[in-house]
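Using this note's numbering, you'd call the opening residue of the sequence shown number 252 and step up by one each time.
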Amino acid sequence: MIKKIRAQYPVFLNKNKQKLVFYPVKKNANTSAKLFFAKHLGVEDKLFFFEDEKPRYLHTNSDYEKYSGKYDLIKFFVGEYEFEKVDIEFKACIIRDPIERFVSAYKNRVLYHKDKMFYNHSVDQIIAKLENGLFENNHFNTQSHYLGNNLKYFDVVGNVSNIKNFQDYINDFFNKKIVFPRLQTGGGDNQIYLNSSQIKKISKIYYCDYQLIETSE
Numbered sequence: 252m253i254k255k256i257r258a259q260y261p262v263f264l265n266k267n268k269q270k271l272v273f274y275p276v277k278k279n280a281n282t283s284a285k286l287f288f289a290k291h292l293g294v295e296d297k298l299f300f301f302e303d304e305k306p307r308y309l310h311t312n313s314d315y316e317k318y319s320g321k322y323d324l325i326k327f328f329v330g331e332y333e334f335e336k337v338d339i340e341f342k343a344c345i346i347r348d349p350i351e352r353f354v355s356a357y358k359n360r361v362l363y364h365k366d367k368m369f370y371n372h373s374v375d376q377i378i379a380k381l382e383n384g385l386f387e388n389n390h391f392n393t394q395s396h397y398l399g400n401n402l403k404y405f406d407v408v409g410n411v412s413n414i415k416n417f418q419d420y421i422n423d424f425f426n427k428k429i430v431f432p433r434l435q436t437g438g439g440d441n442q443i444y445l446n447s448s449q450i451k452k453i454s455k456i457y458y459c460d461y462q463l464i465e466t467s468e
């Protein structure tokens, strides 16, 4: 069972009536997590997702008409909320290396989906905007925006580079054995090489995220 609370975080209820809240973070396996939780709820057949086969800027009304009667996985739960503490028994999230996340966001959202925000931007153009606090495309927002400044608040913290502990924890919560899927891979074949200056600037932009990640150690 899924419920929503004030900040619209998804809250899940298991057979023991225990509650678990998941804090979504864009470009931190967010779409994959949606399908993972949908499978635990047994509703995956009621959802559709085709963005890995066709980038969003090419979507047409006829594409969606093919899935009449089904619900868009992207809208299964929303991940656009600034961190807020909630009084829920179990709390879960997924983190990611900030540089890897930036590259993934650029390849998937800018090159592949051609998002309107940061449309056709170069890496340097995006960096310049982020340096000035212009997080117009929220896929580039800081992880601390979504997760706060202390990961010890969470009962389980997965990492995109090694999701097994998150997978096992959620499986134990629901008493099921489901493999964590991998979605939103569009653009992954593009090669992006950051120079030392770009890496330094990105690291500075996301310094708060490096501090956040350290709190889990």
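Glycine included, each C-beta is placed from N, C-alpha and C at the ideal position.
Please work out which residues of its chain come closer than 6 Å, Cβ to Cβ, to R347, disregarding the five sequence neighbours upstream and downstream, and give them in chain order. Working through the sequence shown from its first residue, we reach residue 347 at position 96. Within the same chain, R347 has close Cβ partners N279 and V411.
What's the C-alpha gap between S395 and V276? Reading the sequence shown from its first residue, position 144 is the one you call residue 395. Reading the sequence shown from its first residue, position 25 is the one you call residue 276. Between S395 and V276, the alpha-carbon positions lie close to 9 Å from each other.
Would A356 be called buried (16 or more neighbouring beta carbons within 10 Å of its own) or exposed? Start at 1 with the first residue of the sequence shown, and residue 356 comes out as number 105. Result: buried.
Integer Cβ distance of P306 from H390, believed to fall under 8 Å: For the purposes of this step, residue 306 is identified with residue 55 of the sequence shown, where counting begins at 1. For the purposes of this step, residue 390 is identified with residue 139 of the sequence shown, where counting begins at 1. About 14 Å separates the Cβ atoms of P306 and H390, ruling out a contact at the 8 Å cut-off.
Continuous alpha helix (DSSP H) assignments of at least 4 residues falling wholly in the stretch 359-389: If we require 4 residues or more, the alpha helix (DSSP H) runs fully inside the stretch 359-389 come out as 374-382.
Considering only residues of the same chain and omitting the five flanking positions on each side of N267, which have a CB-CB separation below 8 Å? Along the sequence shown, read from residue 1 onward, the residue named residue 267 stands at position 16. Answer for N267: no residue qualifies.
Using 8 Å as the Cβ pair cut-off and three pairs as the minimum, do the stretch 414-421 and the stretch 335-349 touch? When C-beta atoms of the stretch 414-421 are compared with those of the stretch 335-349, three or more pairs fall below 8 Å, so the two segments count as touching.
Inter-stretch contact at 8 Å, needing at least 3 Cβ pairs: the stretch 415-435 / the stretch 285-292: Yes: at least three Cβ pairs fall under 8 Å.
Spell out the partners DSSP gives D323 in its beta bridges. In the sequence shown, residue 323 corresponds to position 72, counting from 1. Per DSSP, F299.
Taking K452 and I378 to be in contact with their CB atoms under 8 Å, please state how far apart those CB atoms are, rounded to whole angstroms. If you number the sequence shown from 1, residue 452 lands on position 201. If you number the sequence shown from 1, residue 378 lands on position 127. Separation of the CB atoms of K452 and I378 is rounded to 5 Å, and the pair is thereby assigned contact status at 8 Å.
Distance CB(I325)-CB(F300) smaller than 9 Å: Sequence index remark: in the sequence shown, residue 325 carries index 74 (1-based). Sequence index remark: in the sequence shown, residue 300 carries index 49 (1-based). A contact, by the Cβ cut-off of 9 Å.
Can you grab the Cα-Cα spacing for the pair C459 / K380, in whole Å? Within the sequence shown, numbered from 1, the residue matching residue 459 stands at position 208. Within the sequence shown, numbered from 1, the residue matching residue 380 stands at position 129. Rounded to whole angstroms, C459 to K380 spans 17 Å at the Cα level.
Less than 9 Å between the beta carbons of K358 and N441, yes or no? The residue labelled residue 358 in the question sits at position 107 within the sequence shown. The residue labelled residue 441 in the question sits at position 190 within the sequence shown. Yes; because the gap between Cβ atoms is below 9 Å, this pair is in contact.
I believe F369 touches N388 by the beta-carbon criterion, under 8 Å. Please report the beta-carbon distance rounded to the nearest angstrom. What you label residue 369 is simply residue 118 of the sequence shown in a count that begins at 1. What you label residue 388 is simply residue 137 of the sequence shown in a count that begins at 1. About 5 Å separates the beta carbon of F369 from that of N388, a gap short enough to meet the 8 Å contact definition.
Contact defined as beta carbons within less than 8 Å: I believe V337 pairs with I443. What is the distance between those atoms, to the nearest angstrom? Along the sequence shown, read from residue 1 onward, the residue named residue 337 stands at position 86. Along the sequence shown, read from residue 1 onward, the residue named residue 443 stands at position 192. That pair is no contact at about 36 Å.
Less than 9 Å between the beta carbons of Y322 and Y260, yes or no? For the purposes of this step, residue 322 is identified with residue 71 of the sequence shown, where counting begins at 1. For the purposes of this step, residue 260 is identified with residue 9 of the sequence shown, where counting begins at 1. No, Cβ-Cβ distance for Y322 and Y260 is not below 9 Å.
How long is the line joining the alpha carbons of Q418 and E295, rounded to whole angstroms? Numbered from 1 along the sequence shown, position 167 holds the residue referred to as residue 418. Numbered from 1 along the sequence shown, position 44 holds the residue referred to as residue 295. Cα to Cα, Q418 sits roughly 17 Å from E295.
Quick check on the DSSP output: the alpha helix (DSSP H) that includes F287 runs from which residue to which? By one-based count along the sequence shown, residue 287 stands at place 36. Going by DSSP, F287 is part of the alpha helix (DSSP H) stretching over N281 to L292.
Could you compute how far the alpha carbon of N400 sits from the alpha carbon of G384? Taking the sequence shown and counting its residues from 1, one reaches residue 400 at position 149. Taking the sequence shown and counting its residues from 1, one reaches residue 384 at position 133. As the crow flies, the alpha-carbon of N400 is around 18 Å from that of G384.
May I ask you to report which of helix, strand or coil DSSP gives F425? By 1-based counting over the sequence shown, the position of residue 425 is 174. Note: F425 maps to helix in three-state DSSP.
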